[in-house]
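These protein sequence lines map, in sequence, to chains Y and H.
Take any residue in the first sequence, count from 1 to its spot, add 9: that is its number in my numbering.
Take any residue in the second sequence, count from 1 to its spot, add 690: that is its number in my numbering.
Even for Gly, the Cβ is constructed at its ideal location relative to N, Cα and C.
Reading through the structure tokens given below for one structure.
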Amino acid sequence: MKYLFVLLSVLLSVQIFASPGELIRSLPVQDGGRIKPYDSFAKETLELIYGKSAYKRQSNGQYEQKSEPAYLIILSFVLAPESWLKIPLFEVTHLDVKNKLKLPLDQKHFTGDQIFKNENFSNLIQELADQRQSKEKLTPYFQALQRIENQLYVFRELSSGRLMKILPSPDSDHWISIADLSEKMQPYFIQISQNFAKRLGEISDNTENKKNESVHAMAFDESVQKFKDMAAAEYPEKYGRSSKVQTEVFYNDLHPFRWTYIIYLLSALVLLFSWIKSVDIGIQIAWFFAIFGFVLHTSGFLFRVYLAERPPVTNMYETVIWMSWGCILFSIILEKIYKFKFILFAGMLVGICSMVIADNAPAVLDPSIQPLEAVLRSNYWLIIHVMTICISYSAFALAWSLGNIGLIYYFLDEIKHKENIQKIATAIYRSIQIGVAFLTPGIILGGIWADYSWGRFWGWDPKETWALIALMGYIIVLHARLINWLQNFGIVVSAVMTFSLVIMAWYGVNFVLGAGLHSYGFGAGGVEYVSAVLLLQMIFVLYVSVVRHQNQKLKQKKS
Amino acid sequence: MVCLTILITWGTIVESKLDAWSAGQIVYRSWMMYLVMGLLVYNLFLVMVDRLPWKKHHYPFLCVHIGIIMMIIGGWVTQKYGVDGSMPIGLNAQSNLVTVGETDFVVYATFDGDRYSKLYDQEVNFFKNKPTIDKPYLIQLNSDVLKITDYVPYARTNKKIVSDPDLKSGASVKIQLMNANVKQVETLTQSATTKSAEINLGPLKVYLGHDYVKNGRKKPEINEIYLNKIDDQKISYSFFDKNEKKPYLLGSAKIGQVVPTHWMGLELRLLDYFQSAREEWEIKPNDHPTPLTTAVVYVEYKKRKEWILLNDVIKIFDDQTAYLISFQNRRIQLDFPVKLNDFKVDRYEGTQKAKSYSSQVTAGLDVDKQETLISMNEPMKYKGYTFYQASFQQDEQTGQPTASVLSVNKDPGRPIKYIGSLILTLGILWLFYDRRKRKTAT
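See below:
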């Protein structure tokens, strides 16, 4: 444990001292219903326009290696928008939309002129307006159009200085944007922009003349600090509420969840090694990494609780993180009890997969912290109901991961690994039991919450119904195991297959069906990947079953 | 259980294509659902009987099964005896009507035009039992029969003016006002010969069917145009400048004729005219519901054939009687009113996104009674009913809320469900604990 803290503190200390020229990142900005640091604002805005939270310059159609942070890019939009119009900046990914705008299909980013001055652009926007008028659901095509419309809006408002709201207003909740700053405050912002220009100049200066680097950076910081001080003096109470921005910048830098999966990966590799080679020392190291990763995972989670002032289980991104947390927890507990090695390994696998996905698909799993929908603002029930259900998914995910390991064993050699298979079947059975023991109360709690806030206990809403379907799937498996319909192979296969019900209940209802009262969690994207994974999974199961069947036939013939 | 799983899976798919109400009608309230649920209860019960005599280790298992059975029974009680509806209340208004999902067909009749008596009131479920030309839904009205021959669950609607042979109906005109900059088309329809129709067009106002000779000008301080029917071909027009006693232009016009107005070079063109007309609905069926679609039925009475929208009323006549016909959601009358005193929307700072909304209401007749605050997740309980904040209506221009929508609910099955779920949860935890003990023991 001692080492753990040393490592953790080393990791943290690297990030604590922000380098000069970066003070602007913690400038409070009002956006999306909350006060956030300019850093988060810049990242989220760049993500909408460009698709990533850091920008890579292009030369001759090739992306450069070096990426530039969002906080520089966005500020330069604000101060010199015209210089960006000729640069491929706006991300368009939908093929149909590209076709209609006659954009080259092999590119991802386009210039403002290419899109907004396109002859078909206004037609497409009209098409979108018509679709909205008809109140039909927006298909992915229209969602892509909607994104372009947003990109245009954000870029326009940003460059006019109206989007970035940096100063509290004396008489309303709406903060004042750069464009509307009072005469008293304006000089301070002009100072910032002048120093920023100098700072940009020195960053892009690739010659060895780096002597002035820190001078300009310090001047830039100083001007930001002056602005902050003035704002704080002017509006001590309203500006004082933005005390969390510093922590949020720190959280942005720390990337706790990225470190988490890297460490889980280390743990899994060590485990795999010691498992195959049957060395015992490895286990200690693997445990160390696992616990360390878990601590980091937990701390990242706690950071979000602190920043958002609510349990972070309200969108897909947050539930993925919470689910994998639960999965690691269960695998640690079960591993402690049974000491099978592969339980921890299975947990790590789920942890790695889900964290990698969560960290790398911001378009589908939105990591930004958003304010809650009105109906969800009853934290008490929300916490209990969503958390219970998601933690049951953790147990099922563990069973799924174990099931796949089991399938690999069957694939390798059923007889040789008989003992291990027996262990896996036990572990799967346990995980499913844990899952059912959480899912049932979770669904009932959901019912109670629904009864309390909507006035009905059960309304056959798709989300409810699918959770029930998943539950019944697992109950069928448990009953079948109880009366010995399912042997070891059966339970391994069903652990894998039944998990697709969970995927449907969890992901599918929100992203594929898109109906019902749980609409505040709805999103789009990634359908093709998820279905591909499910398909591959099925093919794998079928393949192993066929192989096993043939092996058995062979054996029968021999005997 | 497998059957149930498949059935409700189908249900969610139906729901994603249509809406919750249709899915309920097609799947969750179908005989198949009842059958499967019944079989499940029967099965759970049999398994329990099968284990007789019960030993100690059977208790958790019994708990779980009893819990499930109770929850299913509770659900059935709710469906059978519960009330689940909504109640929109305007700001500073009161209401005691709860609108529920069931639909009724209602006919009122009057002989003197003032007092209406209910002639017919029957629950109808056209969604399940769709009326057709071959199998129409029939209502006997004195000597004639009202026939309902079609039903469209999701229709987009459009108003249309048609000529009406009945001369009691008012006139209708379609006019166009245009100059170099402006081109505006408007339709004016009198609801009856005795009632005038009017429209505001910025600096001037147009009236149809107002006799200014007899009753004087309506608004002498602005420019006005009065249109009146002459016969089935022509209308008369009278143009008044503001503050002038006499019309400066008088005449009559036929369809297609253009009259210059002398105001900013505007010309008045008569595009269409019926001496007696009524508004009728034109419908376009849709294969799935959207916020713009509504259910419609096609009614035929004597020679008249037209669509009626859900919750809309039409008037038909025979020789001495006038009938009001309506296809409507059932409205349950509570024996107490609910008054909306205030409604508030909190928004997230700097945005239009609603953070929370709440209604300040007084329930019951007692004026001095304390106000209750109903907000999201904070319902009000009164006389066995529970009132929840569901949504609100707002003015499209100003964005100011105009009415609060409460959902009203009475659920006699609730205690059964709650006790059932308690037993079930305890049973599962017990079962889990018990198994663990046994497994570790062996």
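Counted within 10 angstroms of its Cβ, other Cβ atoms place aspartate 496 of chain Y as buried (16 or more) or exposed
A quick correction: the sequence has glutamine, not aspartate, at residue 496 of chain Y. So glutamine 496 of chain Y counts as exposed.
Where valine 163 of chain Y and isoleucine 157 of chain Y are concerned, what is the direct C-alpha to C-alpha distance, given to the nearest angstrom?
10 Å
Serine 810 of chain H to glutamate 969 of chain H, Cα distance in whole Å?
Checking the sequence, you will find tyrosine at residue 810 of chain H rather than serine. Approximately 24 Å between the Cα atoms of the pair.
Looking at threonine 789 of chain H and glycine 464 of chain Y, is the spacing between their C-beta atoms short of 8 Å?
no
Would phenylalanine 520 of chain Y pass as an interface residue toward chain H - the criterion being a Cβ-Cβ separation below 8 Å?
no
Is there contact between the segment 968-983 of chain H and the segment 941-958 of chain H, where contact requires at least three CB pairs shorter than 8 Å?
no
Quick one: using the 10 Å Cβ neighbour count with 16 as the cut-off for buried, is valine 986 of chain H buried or exposed?
buried
Determine, using beta carbons only, whether glycine 530 of chain Y comes closer than 8 Å to chain H.
Because the pLDDT of glycine 530 of chain Y is 48, which lies under 50, any placement of that residue in the model is unreliable, and the number read from its coordinates should be weighed accordingly. By this cut-off, glycine 530 of chain Y is not an interface position.
Would you kindly report the start and end of the unbroken beta strand (DSSP E) that includes isoleucine 998 of chain H?
Per DSSP, isoleucine 998 of chain H belongs to the beta strand (DSSP E) from 994-999.
Under 8 Å between the Cβ atoms of isoleucine 1118 of chain H and methionine 760 of chain H?
no
Verify the CB distance criterion: does lysine 144 of chain Y have a CB-CB separation below 8 Å to chain H?
At least one chain H Cβ lies under 8 Å of lysine 144 of chain Y.
Should isoleucine 1118 of chain H be flagged as near chain Y, meaning a C-beta pair shorter than 8 Å?
yes
Per DSSP, what are the beta-bridge partners of aspartate 840 of chain H in this structure?
H/Tyr988
Can you pull the chain H residues whose beta carbon is under 8 Å from the beta carbon of lysine 449 of chain Y, in chain order?
Residue 449 of chain Y is actually threonine in this sequence, not lysine. Those within 8 Å of threonine 449 of chain Y in chain H are Leu1114, Thr1115 and Ile1118.
Who are the neighbours of leucine 940 of chain H on chain Y, taking C-beta pairs under 7 Å?
For leucine 940 of chain H, none of the residues of chain Y pass the 7 Å Cβ criterion, the least Cβ distance being about 43 Å.
Using alpha carbons as the reference points, say which of H/Met1070, H/Asp1032, H/Gly1074 and H/Ile823 lies closest to phenylalanine 1082 of chain H.
When C-alpha distances from phenylalanine 1082 of chain H are compared across H/Met1070, H/Asp1032, H/Gly1074 and H/Ile823, the shortest belongs to H/Asp1032.
So with Cβ pairs under 8 Å, would you call glycine 1074 of chain H a contact of chain Y?
no
Is proline 778 of chain H close to chain Y, meaning its C-beta is less than 8 Å from at least one C-beta of that chain?
no
Output needed for lysine 75 of chain Y: all residues of its chain with C-beta closer than 8 Å, excluding positions within five of it in sequence on either side, in chain order.
Cβ neighbours of lysine 75 of chain Y beyond the five flanking positions: Lys65 and Arg66.
Tell me whether glutamate 423 of chain Y sits in a helix, a strand or coil according to DSSP, three-state version.
coil
Name the residue from H/Ser926, H/Thr800 and H/Val1098 whose alpha carbon lies nearest to the alpha carbon of methionine 777 of chain H.
H/Val1098
Is the segment 238-249 of chain Y touching the segment 271-287 of chain Y, taking contact as three or more C-beta pairs under 8 Å?
No, they do not touch.
With a threshold of 7 Å on Cβ separation, who are the neighbours of phenylalanine 571 of chain Y within its own chain once the five nearest residues in sequence on each side are excluded?
This structure does not reach residue 571 of chain Y, given that chain Y is present from 10 up to 568, and the question cannot be answered.
Rounded separation between lysine 193 of chain Y and alanine 240 of chain Y - CA only
10 Å
Look up glycine 570 of chain Y in the DSSP assignment and say whether it is helix, strand or coil.
Residue 570 of chain Y lies beyond the stretch modelled for chain Y, which goes from 10 to 568, so this question has no answer here.
Given that proline 981 of chain H touches chain A, what residues does it touch there, using C-beta distances under 8 Å?
In the structure shown, chain A cannot be found, because the protein chains are Y and H.
Just confirm the distance between the C-beta atoms of asparagine 1019 of chain H and leucine 1000 of chain H, as a whole number of angstroms; I'd bet it's less than 8 Å.
7 Å
Could you compute how far the alpha carbon of phenylalanine 498 of chain Y sits from the alpha carbon of isoleucine 33 of chain Y?
59 Å
Quick one: using the 10 Å Cβ neighbour count with 16 as the cut-off for buried, is isoleucine 920 of chain H buried or exposed?
Burial call: exposed.
Using only CA atoms, which one of Y/Val555, Y/Ile417, Y/Ser462 and Y/Ser62 lies nearest to valine 501 of chain Y?
Y/Ile417
Taking serine 462 of chain Y as the query, report the chain H residues whose CB atoms sit under 8 Å from its CB, ordered along the chain.
Neighbours of serine 462 of chain Y on chain H, chain order: Met1066, Asn1067, Pro1069 and Tyr1078.
Does any C-beta atom of chain Y lie closer than 8 Å to the C-beta of asparagine 1019 of chain H?
no
Just list the residues that DSSP pairs valine 1003 of chain H with in beta bridges.
H/Ser1016
N-terminal and C-terminal residue of the beta strand (DSSP E) that glutamate 676 of chain H is part of:
Since the first residue of chain H shown is 691 and the last is 1132, residue 676 of chain H is not available in this structure.
Aspartate 774 of chain H touches chain Y at which residues, Cβ-Cβ below 8 Å?
Gly464 and Arg465
Is there a Cβ of chain Y sitting closer than 8 Å to that of glycine 765 of chain H, yes or no?
yes
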